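A.B. asks: Sharing a structure with you now.
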Amino acid sequence: RMKMDHSPLSFFNELDQDITEWEQLRIHHCLAQFHIHEVPSFIPYLNHPLESVQLFSVRMCALFNEIEAEKDLLQLLSNEANDLNLAVVDSLSEIGGEKAVQKMHSIYTAANPLLKQKIITCLLKISGVEELDFFSNQLQDQEYDIQLTAAKALANLGNKGEEYLNKQAKTS
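Have a look at this one:
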């Protein structure tokens, strides 16, 4: 049970072992009972020594629309395709803005294929049609899965993306 006499998440500071997915689910369930303005900030736990707490905090920032966490999430993001970076990209796709778009472009080239796919999907959500040229360029990638993700992103852009794909199909 959580003590509620202070910050509901303060027990994170005392953890010395990872929290299980079941425990994360239970914590989320408890927090979901709060009014949205009463949910505590997850920002202090983004740099927690336990990866499970970091991952949970990253996900909760998006679920509770903690847009002020964008700067801290961007500081966590690197070009490695580990669970933390994949979760950060997912969260940024919900709460990110122009700075997130810039950071994703800056790490994209050095990222591995799985992270590249996540970035393409994220850019579609937060930037949209402005990424038409970027998505188009990814159709030339050597990795089939990246090409496919970029084609899906183009198709999801609506008329402009579909026009580009149709033009590409006619020239192939």
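Okay, so the sequence shown: first residue is 552 according to our numbering, each after it adds one. Where a beta carbon is used, it is the ideal one built from N, C-alpha and C, also for glycine. In this text the structure is predicted, and so the values were computed from the model without any measurement.
Mark A651 as exposed unless 16 or more other C-beta atoms lie within 10 angstroms of its C-beta, in which case mark it buried.
C.D. replies: Taking the first residue of the sequence shown as 1, we reach residue 651 at position 100. Buried, since its Cβ has 16 or more Cβ neighbours within 10 Å.
A.B. asks: Using only alpha-carbon positions, find the residue among K721, D692 and I671 that is nearest to N707.
C.D. replies: As a working note, residue 707 is residue 156 in the sequence shown. Minimum Cα distance to N707 is reached at I671.
A.B. asks: If you measure between the beta carbons of C612 and I646, is that distance less than 8 Å?
C.D. replies: Reading the sequence shown from its first residue, position 61 is the one you call residue 612. Reading the sequence shown from its first residue, position 95 is the one you call residue 646. Contact: yes.
A.B. asks: Does DSSP put N663 in a helix, a strand or coil?
C.D. replies: For the purposes of this step, residue 663 is identified with residue 112 of the sequence shown, where counting begins at 1. Three-state result, N663: coil.
A.B. asks: Quick one: Cα of L666 to Cα of K703, how far?
C.D. replies: Within the sequence shown, the letter at position 115 stands for residue 666. Within the sequence shown, the letter at position 152 stands for residue 703. So the two alpha carbons sit approximately 16 Å from each other.
A.B. asks: Hey, how far is the Cα of C581 from the Cα of N636?
C.D. replies: By 1-based counting over the sequence shown, the position of residue 581 is 30. By 1-based counting over the sequence shown, the position of residue 636 is 85. So the alpha carbons of these two residues sit roughly 26 Å apart.
A.B. asks: Are the CB atoms of S608 and F585 nearer to each other than 8 Å?
C.D. replies: The count along the sequence shown starts at 1 and reaches residue 608 at position 57. The count along the sequence shown starts at 1 and reaches residue 585 at position 34. Result no, Cβ atoms of S608 and F585 do not sit closer than 8 Å.
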